[in-house]
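Working notes, structure below.
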Amino acid sequence: YWSIRFTLAPNFSSSNLIRLGLLGPKGTFSEEAGHVHLKRRKIKGRIKYYPTIKDCFTALNKYEVEEIIVPLINSTIGYILETLNNLNTHKILDEINIPINLYLVGNETKKIYTKKEAAEQCRLRLSKLESKIIYEDSTASAAINARTNNQSAIVSERCADMYNLNILERNIQDNKNNYTKFIVLVL
90 YWSIRFTLAP NFSSSNLIRL GLLGPKGTFS EEAGHVHLKR RKIKGRIKYY
140 PTIKDCFTAL NKYEVEEIIV PLINSTIGYI LETLNNLNTH KILDEINIPI
190 NLYLVGNETK KIYTKKEAAE QCRLRLSKLE SKIIYEDSTA SAAINARTNN
240 QSAIVSERCA DMYNLNILER NIQDNKNNYT KFIVLVL
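Just so we're aligned, residue 90 is where the sequence shown starts under the numbering used here, counting upward by one.
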């Protein structure tokens, strides 16, 4: 399915502690990819969370972090435009495929908070609900707002557990073999 080819940048860092920028807050699929990346490289990271993908790129460009991890392409909806719109002269250090299983969590379903891309991956299920969809910058932000407003969100199981949200429905994504390719970028 992936039609894009990259040349991976060599790993020039000799440090076993890196500053890593991720889409936050805690509980995002980007954070999950970050943990996989750090474990794979056998290094420790000081993770800094950013509210948007664009903010991750800005932090890398300003040297606030040494690496960022951003979603590139999803098996159901295709390329993540916010990432493509910010790619410039960045080098790809690594690629990480993360399975994406989405859960409807929370309480009242009059309003469902979610990231736009997550909603697009659950079109079939959402079409059967009479809910107002409210887009957030991340699934973890959606979880926080759902909890605060006693509503619902579309998030990962890990995120639901992290923010103590009731699981209403499991695996609501249209494609049961849904996954996202994340890329690790450096300057």
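Yeah, the Cβ is synthetic: ideal placement off N, Cα and C, and Gly gets one too.
Please state whether DSSP places residue i in a helix, a strand or coil.
| i | result |
| --- | --- |
| LYS137 | strand |
| ARG214 | helix |
| ILE261 | coil |
| ILE93 | With a pLDDT of only 49 at ILE93, under 50, the local geometry of the prediction cannot be trusted, and no value is derived from it. |
| THR117 | coil |
Counting contacts by CB-CB distance shorter than 9 Å, is residue i in contact with chain B?
| i | result |
| --- | --- |
| GLY116 | Looking at the structure shown, chain B is missing, and only one protein chain is on hand. |
How would you label residue i, buried or exposed, when you count the other beta carbons within 10 angstroms and need 16 or more for buried?
| i | result |
| --- | --- |
| LEU204 | Leu is not the amino acid found at residue 204; the sequence shown has Lys there. LYS204 comes out buried. |
| ASN163 | buried |
| ILE256 | exposed |
| ARG236 | buried |
| LEU281 | The question about residue 281 has no answer, for the chain in this structure spans 90 to 276. |
| TYR138 | buried |
| ASN267 | buried |
| SER241 | buried |
| SER216 | exposed |
Among the residues of its own chain, which have a CB less than 8 Å from the CB of residue i, if the five just before and after it don't count?
| i | result |
| --- | --- |
| GLU258 | TYR192, LEU193 and ARG214 |
| ASN253 | ARG236 |
| ASN239 | GLY195, ASN196 and GLU197 |
| LYS115 | TYR138, ALA229 and MET251 |
What's the gap between the Cα of residue i and the Cα of residue j?
| i | j | result |
| --- | --- | --- |
| LEU176 | ASN150 | 11 Å |
| LYS143 | ILE166 | 20 Å |
| CYS211 | ILE261 | 6 Å |
Quick one: what's got a C-beta closer than 6 Å to residue i's C-beta in the same chain, skipping five residues either side?
| i | result |
| --- | --- |
| VAL273 | HIS126, GLU156, ILE158, LEU182 and ASP183 |
Starting from the C-beta of residue i, find all residues in its chain whose C-beta is less than 7 Å away, skip the five residues before and the five after it, and write them out in chain order.
| i | result |
| --- | --- |
| GLU225 | TYR202, THR203, LYS204, ALA231 and ASN234 |
>> For a minimum of 4 consecutive residues, which ranges assigned as the alpha helix (DSSP H) are wholly contained in the region 146-226?
In response: List check, alpha helix (DSSP H) in window: 170-173, 205-209 and 212-215.
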